[in-house]
Amino acid sequence: MSVIHVPVLVEEVLEYLGNTEGVFLDCTVGLGGHAEAILNNCDRSFVVGLDVDEDALSIARERLARFINEGRLKLFKSSYVEARKVLNQLGINRVDAILMDLGVSSMQLEKAERGFSFNRDGPLDMRMDKEQTLTAYEVVNSWDEEALSRIIFEYGEEKRYSRRIAKYIVQSRPIETTKQLVEVLAKAIPNKHGRKRHFATKVFQAIRIAVNNELDNLKRFLSDVPDLLNTGGRIGVISFHSLEDRIVKEFFKKESRLKQLTKKPITPKESEIELNPRSRSAKLRVAERV
Ligand SMILES: C[S@@+](CC[C@H](N)C(=O)[O-])C[C@H]1O[C@@H](n2cnc3c(N)ncnc32)[C@H](O)[C@@H]1O
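Counting in the working numbering, the sequence shown runs from 14 upward without gaps.
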């Protein structure tokens, strides 16, 4: 299967981070769209790319083989939380730019067997890292009603019906597939057709965040950033929902060693949203190490 992941906000990423001469850390290299743009834009950049998804990395390895052969790109299967370890192994203490492109890649969404999409029938999986043991199946089928309701409320921001949804899930067990989960949600959520987004969006988001520990990972990594960046080095974070954006915004604001370069987050132009609807909720924030 050929997969295309159209990277979001590429022009804007290049504007802020595209002239990095030195080490560029791509925390979420995915299929390599942003990494390729950076490498093409500036011959003097060396990119270290991390991802926890081996499938994504093997596509990136093939796509970016020429840069690997030229010695300008190194890819590692690693969580960005472990970035410091990977850099130390390369003898690198500090980098000149960092990019995080949070969220799910098109490949992860399109492959039904990964279980990320409510539009495709697959197993309840949702692991970015297939070596991890916790899956969406376990969250849906063995977490208690209180824990489910809490993640649906907090991570899904499904404030009004979180308890009701958790109750329906518990009563409908075992739930084996994404399609079965969508059917349960269809019964649990009133007025489901009056919503802007598909009625399953928020609950799927909540389960995915829980399975991959996404918000804690983001917070843990951000706290390392000031020590990882050279003076004048920049970090750009692309987020896809308000929980992530809030964490980034608050961190940039309170961290005195970083200066925000984007007072308001940068969002995609209409023309980008038209070509790539997945970009519609993207927000980019950039800060510089002072
Ligand atoms: C939106 S995609 C990135 C797409 C990439 N910028 C491109 O242009 O192809 C997000 C990627 O982050 C990866 N990811 C999620 N959590 C991660 C973590 N803790 N450490 C490293 N990568 C992670 C996912 O596996 C996914 O491939």
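Built from N, CA and C at the ideal position, the CB exists for glycine as well.
(request) Go ahead and pull the three-state DSSP assignment for Asp258. (result) helix
(message) In the DSSP output, which residue or residues are listed as bridge partners for Met113?
(response) Val250
(request) Specify whether the stretch 112-119 and the stretch 159-175 touch according to this definition: at least 3 beta carbon pairs, one from each stretch, less than 8 Å apart. (result) no
(request) Please state whether DSSP places Lys272 in a helix, a strand or coil. (result) strand
(request) Pick helix, strand or coil for Thr280, following the three-state DSSP scheme. (result) coil
(message) Which residue marks the beginning of the alpha helix (DSSP H) containing Ala149, and which one marks its end?
(response) Ala149 to Ser155
(message) Would Leu44 and Ile72 qualify as a contact pair, given that the criterion is a beta-carbon distance under 8 Å?
(response) yes
(request) For the stretch 288-299 and the stretch 226-245, state whether three or more C-beta atom pairs, one from each stretch, are separated by less than 8 Å. (result) no
(request) Give me the Cβ distance between Glu25 and Ile286, rounded to the nearest whole Å; I'm assuming they're in contact under 8 Å. (result) Rounded, the Cβ-Cβ distance is 13 Å, inconsistent with contact.
(message) Taking 7 Å as the cut-off, is the C-beta of Val6 nearer than that to any heavy atom in ligand 1?
(response) Coverage of the chain is limited to positions 14 through 303, which leaves residue 6 absent and any answer about it impossible.
(message) To test your reading of the DSSP string, which unbroken alpha helix (DSSP H) runs of 4 or more residues are found completely within the stretch 37-109?
(response) 46-54, 67-76, 78-82 and 96-102
(message) At the level of alpha carbons, what is the spacing between Met14 and Gln121?
(response) Below a pLDDT of 50, predicted positions are generally treated as unreliable, and Met14, at 43, falls in that range; the measurement from the model is reported next regardless. If I take the Cα positions, the gap works out to 12 Å.
(request) Measure from the C-beta of Asp66 to each C-beta in chain C and report whether the shortest distance is under 8 Å. (result) The chain inventory of the structure shown lacks chain C, comprising one protein chain alone.
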